[in-house]
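Visitor:
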Amino acid sequence: MSFNKKKLFRWIKIIILLYSGIGLLIYFFQEKLLFHPVSLNKDYQYHFSTPFKEVNIQYDSNIVFNMIRFSPEDTQAKKGVVLYFHGNRENINRYAPYATNFTKHGYEVWMPDYPTFGKSTGELSEKMLQEVSLEVYKMAQSKFSKQQIVIYGKSLGTGIAAYLSTRKNCQQLILETPYSSITALFNRYCFIYPVSRMIKYKIPTVDYIKNTIAPITIFQASNDWVIPNSNTRKLKKVLKPTDTFITINKASHNNINDFQEYHLALDKLLQ
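Read in order, the letters of the sequence shown are residues 1318 to 1588 in my numbering.
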């Protein structure tokens, strides 16, 4: 009996140590799980087929938000600007090819990098992600009216875009493969931990879109392996009756751009 008790206590200790160890890893390395930036030297030269201009937004004496402003070929037919908040990987180079989806309709595309991504400096935090969006909007507002400003978010950037839409007026908000919140995503995979107290990044997209006055369009990928459809559908429940929720069949998280259904819907939104 005493042998069995010792064996039981040994296993309990092992389980507790494993639980605590994994919990500590999640807490201290959550940014490594969430963000996969690739930084660039400040003298790095961008090369894109779409006309562009590089802009540095001086946030304070130590922090710079680097941004690329893509322009339509026909500058006389300019309709407005798309503020494009990209995903959690690499930098602007990865997302630049998507700019033509908007420039072909006469929109400029302003694509900032977050701190530690590309040439942007500063430390990552939820507040700094919000500040990036506000600074970009402030610059756009000096050149375009609110009815000329489209806010677009992809993957991680959907929460940032949704936040901005609650703070500033815009023509419309478009979200590609969004999530209800970062907390909910972590909770799906780490449900045995007190995720809401452990995770530094909340980004409650579902709460933001409840308070978004502008028209909202959501693109969901039916085979999304990063953000489960059950998570994205939480957003559908809080949309206004006039908002739109589109599921792109057979699409996965990173290839919605390959589907004609997406382009037909996006083209209609940008007419």
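Quick reminder that beta carbons are idealized off the backbone N, C-alpha and C, glycines included. Bear in mind the structure is a predicted one, so any value in this text is a computation, not a measurement.
Which residue from Tyr-1376, Arg-1386, Pro-1558 puts its Cα closest to that of Thr-1534?
Guide: The residue with the shortest Cα to Cα distance from Thr-1534 is Pro-1558.
Visitor: Considering only residues of the same chain and omitting the five flanking positions on each side of Ile-1468, which have a CB-CB separation below 6 Å?
Guide: Taken in chain order, the residues that qualify are Leu-1400, Ala-1478, Leu-1481, Ser-1482, Cys-1487, Leu-1490.
Visitor: Relative to the alpha-carbon of Lys-1517, which residue among Leu-1583, Glu-1443, Lys-1553, Thr-1561 has its alpha-carbon at the smallest distance?
Guide: Checking every option, the nearest Cα to that of Lys-1517 belongs to Glu-1443.
Visitor: Over what stretch of residues does the beta strand (DSSP E) that includes Thr-1534 continue unbroken?
Guide: 1533-1538 is the extent of the beta strand (DSSP E) around Thr-1534.
Visitor: Excluding the 5 residues preceding and the 5 following Leu-1325 in the sequence, name in chain order all residues of the same chain whose CB lies nearer than 7 Å to its CB.
Guide: For Leu-1325, where only same-chain residues beyond five positions count, there are no Cβ hits under 7 Å.
Visitor: Do the CB positions of Val-1398 and Pro-1429 come within less than 8 Å of each other?
Guide: No, the pair does not count as a contact, with Cβ atoms beyond the cut-off.
Visitor: In the stretch 1394-1452, which residue ranges form an unbroken alpha helix (DSSP H) of at least 4 residues, counting only runs that do not cross its ends?
Guide: If we require 4 residues or more, the alpha helix (DSSP H) runs fully inside the stretch 1394-1452 come out as 1409-1412, 1417-1420.
Visitor: Measure from the alpha carbon of Ser-1356 to the alpha carbon of each residue in Asn-1405, Lys-1323, Gln-1375, Asp-1391, then state which is nearest.
Guide: Taking only the C-alpha atoms, the option nearest Ser-1356 is Asn-1405.
Visitor: Just the C-alpha distance for Met-1318 and Asn-1504, rounded to the nearest angstrom, thanks.
Guide: Unreliable placement is indicated for Met-1318, whose pLDDT of 49 sits below 50; the coordinate value is still reported in the next sentence. Answer to the nearest angstrom: the Cα atoms are 39 Å apart.
Visitor: If we count Cβ pairs, one from each stretch, closer than 8 Å, do we get three or more for the stretch 1417-1435 versus the stretch 1492-1504?
Guide: Output reads no: the stretch 1492-1504 does not touch the stretch 1417-1435.
Visitor: Can you tell me whether Trp-1542 is buried or exposed, with buried defined as 16 or more other CB within 10 angstroms of its CB?
Guide: So Trp-1542 ends up on the exposed side.
Visitor: How close, in whole Å, do the beta carbons of Phe-1536 and Thr-1494 come, if the pair is a contact with beta carbons under 8 Å?
Guide: Indeed they touch by this definition, with Cβ atoms about 7 Å apart.
Visitor: Going straight from the alpha carbon of Leu-1552 to that of Arg-1327, what length do you get?
Guide: If I take the Cα positions, the gap works out to 45 Å.
Visitor: Reducing DSSP to helix, strand and coil, say where Leu-1502 ends up.
Guide: Of the three classes helix, strand and coil, the one that applies to Leu-1502 here is helix, per DSSP.
Visitor: Return the chain-ordered list of same chain residues with a C-beta closer than 6 Å to the C-beta of Glu-1578, the five sequence neighbours on each side being excluded.
Guide: Counting only Cβ-Cβ distances below 6 Å, and skipping sequence neighbours, we find Ile-1565.
Visitor: Name the DSSP bridge partner or partners of Lys-1370?
Guide: Lys-1370 is bridged to Arg-1386.
Visitor: Between the stretch 1345-1354 and the stretch 1365-1385, can you find at least three pairs of beta-carbon atoms closer than 8 Å?
Guide: No: fewer than three Cβ pairs fall under 8 Å.
Visitor: Helix, strand or coil, according to DSSP, for His-1364 in the structure here?
Guide: Coil.
Visitor: Along the chain, where does the beta strand (DSSP E) that runs through Val-1467 open and close?
Guide: Here the beta strand (DSSP E) through Val-1467 covers 1466-1471.
Visitor: Within its chain, find whatever has a CB closer than 7 Å to the CB of Tyr-1415; leave out the 5 residues flanking it on each side and keep chain order.
Guide: The residues are Asn-1574.
Visitor: Glu-1348 and Leu-1473: beta carbons closer than 8 Å?
Guide: No.
Visitor: Would Asn-1373 pass as a contact of Asn-1383 if the rule is Cβ separation under 8 Å?
Guide: The answer is yes: Cβ separation under 8 Å.
Visitor: Using the rule of at least 16 other Cβ atoms within 10 Å of the residue's Cβ for burial, across every protein chain shown, is Lys-1471 buried or exposed?
Guide: With 16 or more Cβ atoms within 10 Å of its Cβ, Lys-1471 is classed as buried.
Visitor: How long is the line joining the alpha carbons of Leu-1492 and Pro-1532, rounded to whole angstroms?
Guide: The straight-line gap from Cα to Cα measures roughly 11 Å.
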